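**Student:**
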Amino acid sequence: MKHVEVVCAVIRNDKNEIFCCKRGPGRALEGYWEFPGGKVEANETHEETIVREIKEELNTIIEPIRYVGVSNHEYTDLNKPFSITMYAYECKLIQGELELTEHTEKIWVKVEDLKKIDFAAADLPIVGMIKKDKNYKLCWKNEYRELKWD
1 MKHVEVVCAV IRNDKNEIFC CKRGPGRALE GYWEFPGGKV EANETHEETI
51 VREIKEELNT IIEPIRYVGV SNHEYTDLNK PFSITMYAYE CKLIQGELEL
101 TEHTEKIWVK VEDLKKIDFA AADLPIVGMI KKDKNYKLCW KNEYRELKWD
């Protein structure tokens, strides 16, 4: 099974809302919401990757300010199954307006409402980390279904 290593940006505004994007047509997991980011390239740090990816995908300059955590998931139910390791970083907006180039929609979501969004499975553990939910546990593979939100 193919394995990919990615980073994602948790971008928070002054209202304590989190920026989320909907995956565009023709991409794996089309229509699911995610935290923006992308694949780590050879000889690139996570911080360099997240800055590059957000510039490419959202025409925006960011600065990683804090490591949030890591999520591992196996997408076994797709035409081309793969596993993913996703490293999340809280990031600060430096310049730009978060313009969509690859995604179809964008929203700012209150932290307490993140559980209402239809996130891609690999992003769900990151939601739990952001919420600092007392029932949250670090999720590996397909264990995300065990999250308790109430």
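Just so we're aligned, residue 1 is where the sequence shown starts under full-length UniProt numbering, counting upward by one. No residue lacks a Cβ here, since even glycine has one placed at the ideal position from N, Cα and C. Being a predicted model, the structure only gives us computed values, none of them experimental.
Using only CA atoms, which one of P81, N79, I50 lies nearest to Y67?
**Tutor:** On the sequence shown, residue 67 is found 67 positions in, with the first residue counted as 1. Selected option, being the one with the closest Cα: I50.
**Student:** Quick check on L78: does DSSP put it in helix, strand or coil?
**Tutor:** The sequence position of residue 78 within the sequence shown is 78, counting from 1. L78 falls in the coil class under three-state DSSP.
**Student:** Where A88 and G69 are concerned, what is the direct C-alpha to C-alpha distance, given to the nearest angstrom?
**Tutor:** By 1-based counting over the sequence shown, the position of residue 88 is 88. By 1-based counting over the sequence shown, the position of residue 69 is 69. So the two alpha carbons sit approximately 5 Å from each other.
**Student:** Say the cut is 7 Å; is the CB of E34 nearer than that to a heavy atom of the ligand HEM?
**Tutor:** The ligand content of the structure shown is nil, which means the ligand HEM is not present either.
**Student:** Under a three-way DSSP split, which group does R12 fall into?
**Tutor:** Sequence index remark: in the sequence shown, residue 12 carries index 12 (1-based). Correct three-state label for R12: strand.
**Student:** Can the beta-carbon of I84 be found less than 8 Å from the beta-carbon of A122?
**Tutor:** The residue you call residue 84 lines up with position 84 of the sequence shown. The residue you call residue 122 lines up with position 122 of the sequence shown. Cβ atoms of I84 and A122: closer than 8 Å.
**Student:** Determine which residues share a DSSP beta bridge with Y67 and list them.
**Tutor:** For the purposes of this step, residue 67 is identified with residue 67 of the sequence shown, where counting begins at 1. In the DSSP output, where bridge partners are listed per residue, Y67 has Y89.
**Student:** Buried or exposed: which applies to T45, given that a residue is buried once 16 or more other Cβ atoms fall within 10 Å of its Cβ?
**Tutor:** Taking the first residue of the sequence shown as position 1, residue 45 is located at position 45. Exposed, because fewer than 16 other Cβ atoms sit within 10 Å of the Cβ of T45.
**Student:** Counting pairs of Cβ atoms below 8 Å between the region 93–103 and the region 124–132, do you hit three or more?
**Tutor:** They do not touch, by the three-pair rule.
**Student:** For the 8 Å Cβ check, are there 3 or more pairs between the region 13–22 and the region 106–114?
**Tutor:** Yes, the region 13–22 is in contact with the region 106–114.
**Student:** With distances taken Cα to Cα, identify the nearest neighbour of P125 among I117, S71, E90.
**Tutor:** Taking the first residue of the sequence shown as 1, we reach residue 125 at position 125. Looking at the Cα atoms, S71 is the closest of the given residues.
**Student:** Considering E99, what are the terminal residues of the beta strand (DSSP E) in which it resides?
**Tutor:** On the sequence shown, position 99 is the one that residue 99 refers to. Careful: E99 lies outside any beta strand (DSSP E) and carries neither H nor E.
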